[in-house]
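Quick note on UniProt numbering: the sequence shown kicks off at 1 and runs consecutively. Beta carbons: idealized from backbone N, C-alpha and C, even for Gly.
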Amino acid sequence: MSLSKFLMIDEMKSVYSEMLNDRVSPNIFTWNTMVNGYCKIGNVVEAQRYVTKIVQAGLNPDTFTYTSLILGHCRNKDLDSAFRIFRMMPSKGCRRNEVSYTNLILGLCEAEQVDEAIKLFEAMGEDFCYPTVRTYTVIIFGLCETGRKSEGIKLFEEMSQKGCEPNAHTYTVIIDSLCKDTKVDEAREMVGRMLEKGLVPSVVTYNALIDGYCKHGAMEAALEVLGMMESNNCFPNERTYNELIAGFCKKNVHKAMAFLDKMLELKLVPNVVTYNSLIHGQCKMGQLDNAFRLLEMMKKNGLVPDQWTYSVLIDSLCKVDRIEEARNLFDSLKEKSLKANEVIYTALIDGYCKVGKIEDANYLLDRMINQGCLPNSCTYNAIIDGLCNMKNMKEALSTVKKMAGMDSAFRIFRMMPSKGCRRNEVSYTNLILGLCEAEQVDEAIKLFEAMGEDFCYPTVRTYTVIIFGLCETGRKSEGIKLFEEMSQKGCEPNAHTYTVIIDSLCKDTKVDEAREMVGRMLEKGLVPSVVTYNALIDGYCKHGAMEAALEVLGMMESNNCFPNERTYNELIAGFCKKNVHKAMAFLDKMLELKLVPNVVTYNSLIHGQCKMGQLDNAFRLLEMMKKNGLVPDQWTYSVLIDSLCKVDRIEEARNLFDSLKEKSLKANEVIYTALIDGYCKVGKIEDANYLLDRMINQGCLPNSCTYNAIIDGLCNMKNMKEALSTVKKMAGMGVKPTVDTYTILIKWMLKEGDFDHAHGTLDQLISSGCQPDVLTYTAFIHAYCGVGRLKEAEDMMIRMKEGGVFPDSLTYTLLLDAYGCLGLMHSAFDVLKCMFDAGCEPSHHTYSILFKYLLKDRRTKDDSPAVNLVSNGMLFDHADVWKSMEFDTALELFEKMRQHGCVPNANTYGKLIIGLCKVGRFVVVQKLFDHMRDQGISPGEDAYNSLLNCFCELGMYDDAMIVVDLMIKSSQFPYLDSYRQLICGLYDQGDKEKVDTLFANLLRCGYSSDEVAWKILIDGLLKKGLADRCSELLSIMEKMGCQLHPNTYSLLIEGIDGA
């Protein structure tokens, strides 16, 4: 019976014919073999012919005959016939044995009638039959395949207790089931149990485990199993490699391609599944050319691409907007004798919808139906999604047309049941997404709550969409509440859900809560994506917590999540607020990682350099940006024009403004306002008004900032009448005066001593719905302090705090100065205490005022001649105060601060050092530095750099070098301007060796190579005419592997050659 056992039907027929030709009479054993062979392949008709031969020979079919027929009918899914024979067997004198039962149980399990199979399994004892290992294995298989894995595993564990030990096949069924349930480690333990029992795992067993790891993305573990398999002399087959290739195609298609080579090396034949996986992998990586090369390779190897092959290619072409190519491939299917199925149609329909070609999509939908290919839920969902997305079309479309898309989406949604299509979770979710994006969140929630009417339940994507909608429309608390409810409803949030919440918390400045949420993600075994980390980094950067942002960057990299352009853009924008040098270093890091800086990157850096007053660097970045093929936008030029105006370089700003036309850029309200403000600041009101008229004529509407610039300019010229007229003109243009508008007017009324009108304007401000800000209140406090009306100033401070407005350093300093002027030093120090308690850092002007009154008080007691310490409000000579200050005056200040609960900190010392350095009081500065160290306080970068600059200005370069060493030892770095002064000064002294050492150390400090070249080589050495020295330092940069932008390098070479 060996031929029938191995399904060698043709050979079996051939041997049977030879028997007849040789006149050898078949017996029941022969005929049973034929019956069994045909039944195994489900050919019951042919099997029945041989049953007839048995009867014609005067013999009775036996148990084996009937058991084989049961198997045949089960193979044909004809369970009624199988049961008829099973029930008939006793009447024919045939005992129903374990195989009879097992064959019928297998048929029931394959028909997913597992409960009926269990009943039959339990009834075996009635025929004095006992389940064999095959019977158990069949039942366990049926339970596992129908989602009843726990019952299957329970039955598996009971087998041994019933005296039936599981075999390799039984273990393989359990292992396969565990792997499909993502319990791969448990499956691996089961392989261990097999080996302990002396059972040998087959290639099927190992394949199940490898497939489990591959689907789980654990490719290293999958390779370990491959190694274990080979070491146990079990040779991988085509399926093994197909599973590995499919697994690697998810993230590492290059590794997958290497396994294709390995297959060919082992003489294993890649099939359609192999190539489909590779084509899919290349498409996911965006490597469509490689995908089409694989298609050609597949054809050359005699394989016929199937519908799945073309569906992947068509879908991938659509995803990159290559719709015409996708359509051509679709149209070519007919000549390939392939009929487009619903997957292919849906891919192309979705492609048309994504690019807004709804008419083409609808045409294809009609054609699909006419061809007898029924659209499924995904097809309709694509149309619904496309219609929902119509609201994102160009602003030229009217609101009516935008909403028509949503109406059409609802029409199709309502129509689906009448077309025989069930509205599923995706249908609901797409429509909910459209409503959320249209900010109709309440409507989305109604639809969300109605899902149960179609026996649909929200998926993790549905919840995520609703949470996103709530968070984006300012209903964050509702979004977080729904997030917390998900798990209770049996739907666990995924990485995307967490990311939505994290992003929302970060935007709401709750960055620490967002960080805790990342911790919860990791505890749940979820892997944060680059989007998750970017949200957190952006939150910290916007909050100014750059150290925390860098910690997240480190966490990201340690978790093998690689930063992208957006990550670095966020870090660069964050550092540009306070440390543009660090931001520039991140530009170098981007280039090193082959990440491409974009307009956003350069705009942030240009803004950062402008804020630092480094306009030359900003314009160098502009040129670098252009050389890299990037087109500066309106924001780029608005920053540059505004910065030029702020330093009174109005003509340059105007020239840049006039150049916009040739750059095909239209000036917007930000650019116009920057230049108008610049003209107003230098008193050129006529030019400002001319520009305002031009702005309006160009169809660019002025905003409140534009009018505020004009009003401030008029007030500066003491033309209050025209300023008030402009306020009316502003309102006539539909622009509502802002708190800034009112504050400008109040400030100038107070300056003229017109307190009544100022208070009237304040009342007008409040009645207009605006709230006074710190500048409004400070204007009043300044005015009251200036005329000695301290009680009113105090009342305004109280009113300010009650209104929820926090005083700033200037507000406190004004009040402190007023108390000092009246000799109320105790009250002045109380104000300082309030500053400390409020976390408001006193400036060096605050301290100079305190010193002024301490010195005045001391000299009054000593009856010594006073220096120029006359005060009228804030008007006095700060320089004279710092020149007059001695170390014991500083100690007196510290003592009085302590008496009032203010402990001197690094900021206190730093501000004193900055003030003293400005007037060259190095002896006192040195004592302060020593005193700081005695108190265990480390000087800050500002203090060190102030001292360094002063040493350089006085030519005390050896002392400056000592400061540099101290800074580097405390992980602080001198500013590039300080380095520039020091390097140029050392060259003047002829200390070339010191320069080389200093410059090499500078290059290790993490500064951008380009910024170093700009500040030290171009602005420093070349401007001083030291071209040879410049060339020497350029050589050092090259030796240390510093990469300069071609534009910077060209500037240097031109400068060196020109000299």
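query                                                                                                                            : result
Contact under 7 Å by Cβ, V138 with L106                                                                                          : yes
V639 vs I671 beta-carbon contact at 7 Å                                                                                          : no
Continuous alpha helix (DSSP H) assignments of at least 4 residues falling wholly in the UniProt repeat "PPR" (703 to 737)       : 704 to 716 and 720 to 732
Same chain, Cβ closer than 6 Å to L556, neighbours up to 5 away in sequence not counted                                          : Before going on, a small fix: residue 556 reads as Met here, not Leu. Contacts found: Y533.
Environment of K791 [buried if 16+ CB atoms lie within 10 Å]                                                                     : exposed
Residue range of the alpha helix (DSSP H) that includes Y987                                                                     : L976 to Q989
Three-state secondary structure assigned by DSSP to V649                                                                         : Val is not the amino acid found at residue 649; the sequence shown has Arg there. Three-state result, R649: coil.
Supposed contact pair L1052 and L1034 - C-beta distance, whole angstroms, cut 8 Å                                                : 6 Å
Same chain only: Cβ atoms within 6 Å of S2, ignoring 5 sequence neighbours per side                                              : Annotation note: pLDDT 46 at S2 (below 50); position unreliable, coordinate value reported separately. Once the five neighbours on either side are set aside, S2 has no close Cβ partner at all.
CB of G574 within 7 Å of CB of A535, strictly                                                                                    : no
Integer-rounded CB distance, given that F829 should sit under 8 Å from M932                                                      : 21 Å between Cβ atoms; not a contact.
Spatial neighbours of F448 in its chain, beta-carbon cut-off 7 Å, leaving aside the 5 residues before and after                  : I432, P458, T462 and I466
Inter-residue spacing [alpha-carbon to alpha-carbon] between K40 and L329                                                        : 42 Å
Start and end residues, alpha helix (DSSP H) containing R515                                                                     : V511 to E523
Which listed residue (P1046, K994 and L986) has its alpha carbon closest to that of K1024                                        : L986
Of the residues K728, L765 and E892, the one placed nearest V739, counting alpha carbons only                                    : L765
Nearest neighbour of Y136, chosen from G613, A221 and Y101 [CA to CA]                                                            : Y101
I412 versus K594 - alpha carbon distance                                                                                         : 46 Å
7 Å Cβ cutoff met for I314 and A326                                                                                              : yes
Own chain partners of I140 with C-beta closer than 6 Å, once the 5 adjacent residues on each side are dropped                    : G152, L155, F156 and V173
Same chain only: Cβ atoms within 6 Å of F586, ignoring 5 sequence neighbours per side                                            : Y568, L571 and I572
Nearest neighbour of M416, chosen from I383, V441 and T776 [CA to CA]                                                            : I383
Host alpha helix (DSSP H) of K681 (start-end)                                                                                    : E669 to K681
Contacting residues, own chain, Cβ-Cβ under 8 Å from E794 (five flanking each side not counted)                                  : L815
Residue burial classification, L701 (beta-carbon count within 10 angstroms, cutoff 16)                                           : exposed
CB of Y679 within 7 Å of CB of A667, strictly                                                                                    : no
Contacts around Y1049, its chain only, beta-carbon distance under 6 Å, and the 5 residues preceding and following it disregarded : none
Cβ neighbour criterion (16 or more within 10 Å) applied to T464                                                                  : buried
Euclidean distance between Cα positions of N655 and Y690                                                                         : 16 Å
Reduced DSSP secondary structure (H/G/I, E/B, other) of L630                                                                     : coil
Whole-angstrom C-beta distance between N301 and N381, which should lie under 8 Å                                                 : About 36 Å separates the two Cβ atoms, so there is no contact after all.
Beta-carbon proximity check, V919 vs F887, cutoff 7 Å                                                                            : no
Span separating the alpha-carbon of K578 from that of V787                                                                       : 37 Å
Euclidean distance between Cα positions of A444 and K149                                                                         : 37 Å
Inter-residue spacing [alpha-carbon to alpha-carbon] between F619 and S1008                                                      : 16 Å
Closest Cα partner of T240 within the set C249, L226, N232 and N252                                                              : L226
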